[in-house]
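Colleague: Just dropping this structure here.
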Amino acid sequence: MSEIAAARGDRIAKYLARAGVASRRDAERLLADGKVRLNNVTITHPATFVTAGDLVTVDGKLVEEPDRTRLWRYHKPEGLVTTHRDPEGRPTVFDKLRQQLPRVISVGRLDLTSEGLLLLTNDGALARMLELPATGWIRRYRVRVHGAVDPKALAALAKGVTIDGVRYAPIDAGLDAKKGDNAWLTVSLREGRNREIRRVMAHLGLDVTRLIRIAYGPFQLGTLPRGGIEEVPTRVLREQLPKTTPVPPASRARHR
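If you number the sequence shown the way the numbering used here does, the last residue is 1296 and the count never jumps.
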């Protein structure tokens, strides 16, 4: 973090989100409703910055300073959606983990029927950075499919593919095992668009019957049990991130 950025501090909505008060969008609503005070003055503009020593209250309650940047590995089971609010009322990852973690957001998503490694963090900026294709991190999956697998068609995905006018970046897909009309594949990609693997496999005449993410960049699912969660040590997080990405130290300090 640069000295200028550190001196300026965080925007109030980001500060409230990091402190676990509300999402950024909900924090902006709190501001608009006049429920947020900074140093005993009501504020309504989301561009307001909070720095060290500032007093922030919401509905008259003191807001504790946000925690250091943290990252967790979670073995998501199928049957949970990766969203904070589901209009259909389906169970969510965040409802499931509400008692175990502070307010977190996911790095990318896994849909309702997908399972495996899901990274969770309390830092929205970190989540956005890790999701960017420019980061270069590979997402790796084990995929069970039903249908006739054509190894040549799988290999051709390495050149990218266009489906219904949508261009998908190169995908590395290989056949691991086959039994009757069922097969296991290993699929690796860098973008991870919504339902990308299912759409690409359907384009090849294959029905995905199970999809498990086993790696996201350097972070592996490993032996983490289904439903299990484990925090990534700050030292490991620092070592694995691109060198240009600032990660606050364990004892986070704010400077004017």
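Just so it is clear, CB atoms sit at the ideal spot from N, CA and C, and this is done for glycine as well.
Being a predicted model, the structure only gives us computed values, none of them experimental.
Is DSSP giving residue 1172 helix, strand or coil here?
Modeller: Within the sequence shown, numbered from 1, the residue matching residue 1172 stands at position 132. Correct three-state label for residue 1172: coil.
Colleague: Examine the Cβ distances between the region 1237 to 1255 and the region 1080 to 1093 and report whether three or more of them are shorter than 8 Å.
Modeller: no
Colleague: Using the Cα positions of residue 1273 and residue 1093, report the straight-line distance between them to the nearest angstrom.
Modeller: Taking the first residue of the sequence shown as position 1, residue 1273 is located at position 233. Taking the first residue of the sequence shown as position 1, residue 1093 is located at position 53. About 28 Å.
Colleague: Does DSSP classify residue 1186 as helix, strand or coil?
Modeller: Locating residue 1186 in the sequence shown gives position 146, where the first residue counts as 1. Of the three classes helix, strand and coil, the one that applies to residue 1186 here is strand, per DSSP.
Colleague: Report all residues from its chain with a CB closer than 6 Å to the CB of residue 1060; omit the five preceding and five following residues, and keep chain order.
Modeller: Translated into the one-based positions of the sequence shown, residue 1060 becomes position 20. Answer for residue 1060: 1142 and 1143, listed in chain order.
Colleague: Just the Cα atoms here: how many angstroms apart are residue 1074 and residue 1228?
Modeller: Within the sequence shown, numbered from 1, the residue matching residue 1074 stands at position 34. Within the sequence shown, numbered from 1, the residue matching residue 1228 stands at position 188. Whole-angstrom Cα-Cα distance: 47 Å.
Colleague: Can you name the start and end residues of the alpha helix (DSSP H) that residue 1279 belongs to?
Modeller: As a first step, residue 1279 must be located in the sequence shown, where it is residue number 239. Residue 1279 -> alpha helix (DSSP H) spans 1274 to 1280.
Colleague: Would you grab the beta carbon distance between residue 1261 and residue 1254 for me? Rounded to a whole angstrom, and I think it's under 8 Å.
Modeller: For this step, residue 1261 is matched to residue 221 along the sequence shown. For this step, residue 1254 is matched to residue 214 along the sequence shown. Between residue 1254 and residue 1261 the Cβ distance is about 5 Å, and since that is below 8 Å, they are a contact.
Colleague: Distance, Cα to Cα, residue 1163 vs residue 1221?
Modeller: Here residue 1163 corresponds to residue number 123 of the sequence shown, with the count starting at 1. Here residue 1221 corresponds to residue number 181 of the sequence shown, with the count starting at 1. So the alpha carbons of these two residues sit roughly 44 Å apart.
Colleague: Mapping DSSP to helix, strand and coil, what is residue 1200?
Modeller: Position 160 of the sequence shown holds residue 1200. Residue 1200: coil per DSSP, three-state reduction.
Colleague: Using 8 Å as the cut-off, can you tell me whether the region 1155 to 1162 makes contact with the region 1104 to 1115, which would need three or more C-beta pairs spanning the two stretches below that distance?
Modeller: yes
Colleague: Which first and last residues belong to the alpha helix (DSSP H) in which residue 1236 is found?
Modeller: As a working mapping, residue 1236 is identified with position 196 in the sequence shown. That run of the alpha helix (DSSP H) goes 1236 to 1243.
Colleague: For residue 1257 versus residue 1178, is the C-beta spacing smaller than 8 Å?
Modeller: For the purposes of this step, residue 1257 is taken as the residue at position 217 of the sequence shown. For the purposes of this step, residue 1178 is taken as the residue at position 138 of the sequence shown. For residue 1257 and residue 1178, yes; Cβs fall inside 8 Å.
Colleague: Using alpha carbons as the reference points, say which of 1077, 1052 and 1078 lies closest to residue 1067.
Modeller: Numbered from 1 along the sequence shown, position 27 holds the residue referred to as residue 1067. Closest by alpha carbon: 1052.
Colleague: If you measure between the beta carbons of residue 1237 and residue 1251, is that distance less than 8 Å?
Modeller: Locating residue 1237 in the sequence shown gives position 197, where the first residue counts as 1. Locating residue 1251 in the sequence shown gives position 211, where the first residue counts as 1. Result yes, Cβ atoms of residue 1237 and residue 1251 sit closer than 8 Å.
Colleague: Once you ignore the five residues that flank residue 1232 on each side, which residues in its own chain have a CB closer than 6 Å to its CB?
Modeller: As a first step, residue 1232 must be located in the sequence shown, where it is residue number 192. Non-local beta-carbon contacts of residue 1232 in its own chain, meaning distances under 6 Å to residues more than five positions away in sequence, involve 1148 and 1179 in chain order.
Colleague: How is residue 1092 classed by DSSP in three states: helix, strand or coil?
Modeller: The count along the sequence shown starts at 1 and reaches residue 1092 at position 52. Coil, per DSSP.
Colleague: Taking its Cβ as the centre, do 16 or more other Cβ atoms sit within 10 Å of residue 1217, making it buried, or is it exposed?
Modeller: As a first step, residue 1217 is located in the sequence shown; it is residue number 177 there, counting from the start. Per the 10 Å Cβ criterion, exposed.
Colleague: Measure the C-alpha to C-alpha separation of residue 1133 and residue 1182 and round it to an integer number of angstroms.
Modeller: Within the sequence shown, residue 1133 is the residue found at index 93, counting from 1. Within the sequence shown, residue 1182 is the residue found at index 142, counting from 1. Approximately 21 Å between the Cα atoms of the pair.
Colleague: Give a yes or no on whether the C-beta atoms belonging to residue 1098 and residue 1049 are separated by under 8 Å.
Modeller: Along the sequence shown, read from residue 1 onward, the residue named residue 1098 stands at position 58. Along the sequence shown, read from residue 1 onward, the residue named residue 1049 stands at position 9. At least 8 Å separates the beta-carbon of residue 1098 from that of residue 1049.
Colleague: Does DSSP classify residue 1121 as helix, strand or coil?
Modeller: On the sequence shown, residue 1121 is found 81 positions in, with the first residue counted as 1. Three-state result, residue 1121: strand.
Colleague: Count the other CB atoms within 10 Å of the CB of residue 1170; is the residue buried (16 or more) or exposed (fewer)?
Modeller: Stepping through the sequence shown from its first residue, residue 1170 is reached at position 130. Answer is buried; the Cβ neighbour count reaches 16.
Colleague: Under 8 Å between the Cβ atoms of residue 1197 and residue 1213?
Modeller: Counting from one through the sequence shown, the residue named residue 1197 turns up at place 157. Counting from one through the sequence shown, the residue named residue 1213 turns up at place 173. It is a contact, given that the beta carbons lie within the stated cut-off.
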